[in-house]
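Sequential numbering of the sequence shown, starting at 5, is according to full-length UniProt numbering. The block underneath contains the structure these notes are about, expressed in structure tokens.
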Amino acid sequence: TLKSAILGIGIGVPSKILTNFDLEKMVDTSDEWITERTGIKERRILEDGENISKYAIKASLEALERAKVSPEEINLIICATLTPDYLIPSLSVLVQEGIRAHNAGAFDLSATCSGFIYGLAVADQFIKNNPDWKILVIGAEALSRKTNWEDRTTCILFGDGAGAVVIGKSPEPEKRGIIDFILGTDGSQWHLLTLKGGGSCFPPFDKRLPKEEYYIKMQGREVFKIAVKMMEKVSLELLERTGLTTEDIKLLVPHQANLRIIEYLREKLNLPKEKVYINIHKYGNTSAASIPIALYEAELEGKIQKGDLVLLVAFGGGFTFGGALLRW
Ligand code: ACO
5 TLKSAILGIG
15 IGVPSKILTN
25 FDLEKMVDTS
35 DEWITERTGI
45 KERRILEDGE
55 NISKYAIKAS
65 LEALERAKVS
75 PEEINLIICA
85 TLTPDYLIPS
95 LSVLVQEGIR
105 AHNAGAFDLS
115 ATCSGFIYGL
125 AVADQFIKNN
135 PDWKILVIGA
145 EALSRKTNWE
155 DRTTCILFGD
165 GAGAVVIGKS
175 PEPEKRGIID
185 FILGTDGSQW
195 HLLTLKGGGS
205 CFPPFDKRLP
215 KEEYYIKMQG
225 REVFKIAVKM
235 MEKVSLELLE
245 RTGLTTEDIK
255 LLVPHQANLR
265 IIEYLREKLN
275 LPKEKVYINI
285 HKYGNTSAAS
295 IPIALYEAEL
305 EGKIQKGDLV
315 LLVAFGGGFT
325 FGGALLRW
């Protein structure tokens, strides 16, 4: 059987660190509150003048090197992001130029924090129709540029970074590869998490829109409840559909939005602590970049090895949600 698989993975994160103690000097908050309510201790932030394309390119080059695939062999670049450098050109095109992938098509994909899983699902379909293709799937975000640094309910949450994978035909389809996906949306409550300014409804400098609407706005408590519910639902549906159980899972790699969301999910799925990967304390919520950064570090720390069953699950603005089951 034909299966797609992750052939290589890489990351790129800014070196500038913003700690909870730094935030204490910017808004009325404390390291204790942030740690207790979110699990976050610090996050990476772009320096002035830096752009996220730099890190998307860095992540892509590392993924290519580890997959032993050259840039010319890449047929398609899919960049999941809600914070591209520009609207034109797309971030994926900047990556195409940056890595010199002269034979690649390239487009950005907008699915908020679930974007990386959506990107994997799209790549999987392409591989099934074009088994010899090699595809770069990137999650890259510069959330610091869309953060309202005067709003203590959101500015403590977000960070910047990028992760990339090379997807291709699995060399050992019985042992390695992507097994199944679930993609979902619920637009009925979109108003709970928005970034309105800069879209075509309210173009830049539109005087009708208050300044804070040019940044990410969120009703955190409401979003929290829906996130927990949907991430559990997706995980259980995916396992049921594939005839697998939570016991088969070697590692759950969830989107890193809030430690308490991850803890709830862990309890609902009845997983021991060592089967859930967490690095939110170092990066905060990096939206579409969080899962590939977490996968990369999980492998580096030896928490996943070839053939292990990994469950990815994400939830984000829209709302969008998604899950993927794969053998590493
Ligand atoms: N420091 C100190 N106090 C604070 C802070 C802060 N940074 N932020 C809020 N508070 C206060 C509030 O004002 C409130 O005070 P009150 O009780 O006097 O009104 C109190 O703390 C509790 O506020 P809540 O909003 O109820 O806090 P909660 O425990 O829900 O935590 C949080 C807030 C962290 C935002 C949480 O709700 C959350 O993580 N939500 C989900 C985020 C998520 O998953 N988003 C989806 C992905 S994001 C994307 O797609 C871009």
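All C-beta atoms in this analysis are idealised placements derived from N, C-alpha and C, irrespective of residue type, glycine included.
Residue burial classification, residue i (beta-carbon count within 10 angstroms, cutoff 16)
i, result
"residue 300", "buried"
"residue 205", "exposed"
"residue 234", "buried"
"residue 192", "exposed"
"residue 325", "buried"
"residue 194", "exposed"
"residue 27", "buried"
"residue 19", "exposed"
"residue 25", "exposed"
"residue 158", "buried"
"residue 258", "buried"
"residue 147", "buried"
Cα-Cα separation, residue i to residue j
i, j, result
"residue 145", "residue 179", "32 Å"
"residue 201", "residue 310", "44 Å"
"residue 285", "residue 71", "29 Å"
"residue 271", "residue 162", "25 Å"
"residue 139", "residue 14", "14 Å"
"residue 217", "residue 199", "6 Å"
"residue 8", "residue 39", "38 Å"
"residue 22", "residue 47", "5 Å"
"residue 59", "residue 86", "15 Å"
"residue 241", "residue 30", "42 Å"
"residue 128", "residue 182", "8 Å"
"residue 44", "residue 5", "42 Å"
"residue 289", "residue 246", "29 Å"
"residue 91", "residue 238", "31 Å"
"residue 64", "residue 312", "24 Å"
"residue 186", "residue 102", "32 Å"
"residue 105", "residue 76", "5 Å"
"residue 136", "residue 287", "35 Å"
"residue 331", "residue 37", "37 Å"
"residue 177", "residue 308", "18 Å"
"residue 228", "residue 208", "30 Å"
"residue 50", "residue 17", "9 Å"
"residue 223", "residue 54", "30 Å"
"residue 267", "residue 261", "11 Å"
"residue 99", "residue 61", "5 Å"
"residue 10", "residue 188", "22 Å"
"residue 133", "residue 126", "11 Å"
"residue 93", "residue 248", "42 Å"
"residue 406", "residue 203", "The first residue shown for the chain is 5 and the last is 332, placing residue 406 beyond what the model contains."
C-beta contact flag for residue i and residue j at 7 Å
i, j, result
"residue 81", "residue 110", "yes"
"residue 154", "residue 196", "no"
"residue 150", "residue 56", "no"
"residue 83", "residue 74", "no"
"residue 88", "residue 112", "yes"
"residue 283", "residue 250", "no"
"residue 12", "residue 170", "yes"
"residue 118", "residue 328", "no"
"residue 231", "residue 265", "yes"
"residue 3", "residue 315", "Examination of residue 3 is not possible in this model, given that the chain is present from 5 through 332 alone."
"residue 165", "residue 292", "no"
"residue 156", "residue 33", "yes"
"residue 116", "residue 306", "no"
"residue 276", "residue 120", "no"
Cβ-Cβ separation, residue j to residue i (assumed contact under 8 Å), whole Å
i, j, result
"residue 168", "residue 67", "4 Å"
"residue 143", "residue 123", "7 Å"
"residue 236", "residue 269", "6 Å"
"residue 42", "residue 131", "Between residue 131 and residue 42 the Cβ distance is about 36 Å, and since that is not below 8 Å, they are no contact."
"residue 253", "residue 215", "Residue 253 to residue 215, Cβ: 45 Å. No contact."
Test: residue i CB closer than 7 Å to a CB of chain C
i, result
"residue 187", "Annotation note: the requested chain C is absent from the structure, which comprises a single protein chain."
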